[in-house]
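Residue numbers (the numbering used here), protein chains in the order written: chain A, 1 to 388; chain B, 1001 to 1388. Glycine residues also receive a C-beta, built at the ideal position from the N, C-alpha and C atoms. Accompanying notes for the structure given below.
Protein chains: 2
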Amino acid sequence: MALRDPFRPSEILLLGPGPSPVDPAVAAAMAAPTLGHLDPEFIALMDRVQQDLRVVLGTANRFTIPISGTGSAGMEAAIVNLVEPGDRVVVGVHGVFGGRMVDLVRRQGGEVVVVEAPFGQPLDQEGMARAILGGATRLVGFVHAETSTGVLQPFDGIVSAAREVGALVLGDCVTSLAGAPVEADARGLDAVYSGTQKCLSVPPGLAPFTLSDAAIDRIRGRSGPSTSWYLDVGLLSAYWKEGGDRVYHHTAPVQMVYGLARGLDLVIDEGLEARFERHRAVAAALYRGLDVLGLRCLVDPAFRTPMLTSVGVPEGVDEAGLRRFLRAEHHIEIGAGLGAFRGRAVRIGLMGHGARLTNVRRLVAALGDGLSRVGHPVDVGAALRAVG
Amino acid sequence: MALRDPFRPSEILLLGPGPSPVDPAVAAAMAAPTLGHLDPEFIALMDRVQQDLRVVLGTANRFTIPISGTGSAGMEAAIVNLVEPGDRVVVGVHGVFGGRMVDLVRRQGGEVVVVEAPFGQPLDQEGMARAILGGATRLVGFVHAETSTGVLQPFDGIVSAAREVGALVLGDCVTSLAGAPVEADARGLDAVYSGTQKCLSVPPGLAPFTLSDAAIDRIRGRSGPSTSWYLDVGLLSAYWKEGGDRVYHHTAPVQMVYGLARGLDLVIDEGLEARFERHRAVAAALYRGLDVLGLRCLVDPAFRTPMLTSVGVPEGVDEAGLRRFLRAEHHIEIGAGLGAFRGRAVRIGLMGHGARLTNVRRLVAALGDGLSRVGHPVDVGAALRAVG
């Protein structure tokens, strides 16, 4: 009997909104033998991962763990624990992911006050502050780097307003973490979640997550349990208990934890500041190349996040066709525009291991090739020289 | 500057309650290059995984997917979608995992009727039927193979009673799937969840999951949305939509899906019946070896599940010490007893790739060595000959 052939994926350079290219060292770490989830060696690794996550998140929070799900599970973990029925929650919506937060708060019975910004623009911090101060706000949520647009949200004013009314602040740092400064403690975030598949360059499957002591106190004071057992912070903290007797909760995704641990090693080896600077420099090179190709970045430079860039597609060019061409002929993935950008923009991600000049060169050449073939001749050589 | 050393786990033979040993072919599949979660090649793999899950679960259910979390996330996915506030839910508790189901139903506002069995024994089906028929039961939940005890639960009588009152039936098949027959359709299960880290021999991180059309209809008729966004069946079905335009929901754990796909290949290559017979034969060999060592299986042979065996530890032997000895000197992991068995039993798992005679021999020799060193001399040679 013929046995089944294994699936053999193509090698695609991942320059879309994520997942990003996995660092080979991470892939190697994930191939290590599986340990039991209560094995002493695995428990030592859990301790190390918690400590390293604190460094990367910029926090001393005791409750700092990877949630056993993708970034969206991190969002859910924050909200099912922090929101009780009737809670007033202000959510800033400047793209797709803020909208999800609104949905999730409503599912917990929270009363959402939505503050919107036009697609591709940041939230107005004064508008956020007015909404926060306009009632007994318990929680404020916003997205730091909106993956659907490429906007990096300033949030000092949001945090100040929240402090005034005793509201906690939740930041979605899925795309920003390890690519741009998060500094949870210094900048006043009480709850942060992220994902492994963006600037950490680990495959998708875990959500780095942290809660301040104030957030933990809020959860301890809940009038009833969270709707979730899998994401219940009280139960999770008994399993992710450094230096203590760990109480089995669920079976940790062991191989994913290996990958995250190695990804964190690489971030710490490189240094956070050097890593942020690399993301900025590589993004700047992309902007130069796009400019020569006649392609326009849709987000104001003052609010652009370096790891994700929304790029307008010239009138008459089919953006889906352009992406298919890049995928088929250059083995590069870029992302579709979302929301108001659907059909008229693409999204380019230069994240973690993917944020390298070589990749910018390969992408700029491929984009130039794609444009030239649909009647938009461009000077690819000049664009590559502009990249540097 | 010295760079960090990667984590290098020991090679431990995993003969506890899970995770089980990962098949090398699965590990190889997981090392393949990461694709985007909307890449056409990945989407083709998703189709294949859904189809293969149907074969292994024994179902034609359209909604058959891997949930992006461990087995407990599968339990949560079933209950947050199927239970609404005020629903009468009968849960059979014959170990730790039934207790979790009770907790989760209560978190959704369901009214739980608990039917208990003593630890190490199956649920009394007549008692379950009485509870089911005793009110307007909407859902019945039970654990097929209780990982905390090693009991395999018969359930034909449970399903019959549920049918009488129009209740749906939810089976926890985390430990049984691909090691003992589940046959969801033929045996009348409306909802089944499992885990990858037991008899599928894939690392932990995904929960195979299926819902019957009746279960889907129940969810469509809900009066309000599920408390979960991450596990919302309506949203998940738009992403895991075979042959259609897939709507992005969350970023699938790509590498884990590669692993599951390969694990399913291996199950289908071996054949379900041959695989079940292998688990039975290897368990029987274990029982013979344990008998010669003077160790007693705690579950009645009529209700023993082949892939997980609770074994009493002789009076005067420290079970934690015995497990530590096996881990340190023989590089074998076995599990602690739970609940009523805590401190007086160990749990031995022979699951998937781990269910091989070689492993039974290695374990029997190690157990004999451990017993001999604490004043319980045994004839290891005779035990190995009994294994065969």
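TODO: Take the Cβ of L266/A as the centre, count every other Cβ of all protein chains shown within 10 Å, and call the residue buried at 16 or more, exposed below.
DONE: buried
Task: Buried or exposed by the 16-neighbour rule on C-beta atoms within 10 Å, applied to D1023/B - done: buried
Task: Within chain B, the residues that G195/A reaches when beta carbons sit closer than 8 angstroms - done: T1251
Task: Through-space distance from D172/A to V387/A, alpha-carbon basis - done: 31 angstroms
Task: Whole runs of the alpha helix (DSSP H) within the region 1227-1275 of chain B, excluding any shorter than 4 residues - done: 1233-1239, 1254-1270
Open item on the list: Determine, for V22/A, whether the minimum Cβ-Cβ distance to residues of chain B falls below 7 angstroms.
Closed with: yes
Task: Cβ-based contacts, 9 angstroms cut-off: residues of the region 1030-1051 of chain B near chain A - done: M1030, A1031, A1032, P1033, T1034, L1035, G1036, H1037, L1038, D1039, P1040, E1041, F1042, A1044, L1045, R1048
Task: For R1008/B, the three-state DSSP class (helix, strand or coil) - done: coil
Open item on the list: Counting only C-beta atoms, is R4/A closer than 7 angstroms to chain B at any point?
Closed with: yes
TODO: Assign V1299/B to one of three DSSP states: helix, strand, or coil.
DONE: coil
- [ ] Could you tell me whether any Cβ in chain B is nearer than 7 angstroms to the Cβ of W240/A?
- [x] no
Open item on the list: Quick check on the DSSP output: what are the complete beta strand (DSSP E) runs of length 3 or more inside the region 142-191 of chain A, in order along the chain?
Closed with: 168-172
TODO: For chain A, find out if any of its Cβ atoms is closer than 7 angstroms to the Cβ of A1027/B; answer yes or no.
DONE: yes
- [ ] Report the neighbours of E1333/B on chain D: residues whose CB is nearer than 7 angstroms to its CB, in chain order.
- [x] You won't find chain D in this structure, because its protein chains are A and B.
- [ ] Drop a sphere of 10 angstroms on the beta-carbon of V1192/B, count the other beta-carbons inside from all chains shown, and report buried for 16 or more, exposed for fewer.
- [x] buried
Open item on the list: Using a Cβ-Cβ distance cut-off of 7 angstroms, determine whether F341/A contacts chain B.
Closed with: no
- [ ] For the beta strand (DSSP E) containing T210/A, list its first residue and its last residue.
- [x] 207-211
- [ ] Please list the residues of the region 93-114 of chain A that have a C-beta atom closer than 7 angstroms to any C-beta atom in chain B, keeping them in chain order.
- [x] R100, D103, L104, R107, Q108
- [ ] Return the residue from the list D1232/B, L1338/B, S1212/B that minimises the CA-CA distance to F1063/B.
- [x] S1212/B
TODO: Return the first residue and the last residue of the alpha helix (DSSP H) that V1364/B is part of.
DONE: 1357-1372
Task: Cut-off 6 angstroms between Cβ atoms - residues of its own chain near G1389/B, not counting five sequence neighbours on either side - done: Residue 1389/B lies beyond the residue range present for chain B, which begins at 1001 and ends at 1388; the question has no answer from this structure.
Task: Neighbouring residues, chain B, relative to G141/A (Cβ below 7 angstroms) - done: Going along chain B, no residue has its Cβ under 7 angstroms from G141/A, so there is no contact; the nearest lies around 13 angstroms.
TODO: Please list the partners that A1389/B has in chain A, where partner means a Cβ-to-Cβ separation under 7 angstroms.
DONE: Here chain B has residues from 1001 to 1388 only, and residue 1389/B is not among them.
Task: Counterpart residues of V115/A in DSSP-defined beta bridges - done: G92/A
Open item on the list: Run through chain A and tell me which residues come within less than 8 angstroms of S1072/B, C-beta to C-beta.
Closed with: W229, Y230, H249, H250, T251
- [ ] Could you tell me the distance, in whole angstroms, from the CA atom of A28/A to the CA atom of D1190/B?
- [x] 40 angstroms
Task: Beta-carbon spacing of A366/A, L326/A below 7 angstroms - done: yes
- [ ] Given a cut-off of 7 angstroms, decide if V1115/B and G1092/B are closer than it, judged by their beta-carbon atoms.
- [x] yes
- [ ] Answer yes or no: does any C-beta atom of chain A fall closer than 7 angstroms to that of S1176/B?
- [x] no
TODO: Establish whether the CB of G337/A and some CB of chain B are separated by less than 7 angstroms.
DONE: no
Task: For G321/A, the first and last residue of its enclosing alpha helix (DSSP H) - done: 319-329
Open item on the list: Measuring straight from C-alpha to C-alpha, what distance separates L53/A and G120/A?
Closed with: 30 angstroms
- [ ] Return the chain-ordered list of same chain residues with a C-beta closer than 7 angstroms to the C-beta of R1218/B, the five sequence neighbours on each side being excluded.
- [x] L1082, L1168
Task: G335/A, DSSP secondary structure in three states - done: strand
Open item on the list: Can you give me the C-alpha to C-alpha distance between H249/A and G18/A, rounded to a whole angstrom?
Closed with: 29 angstroms
Task: Nearest residue (CA-CA) to P154/A, options R130/A, P122/A, R163/A - done: P122/A
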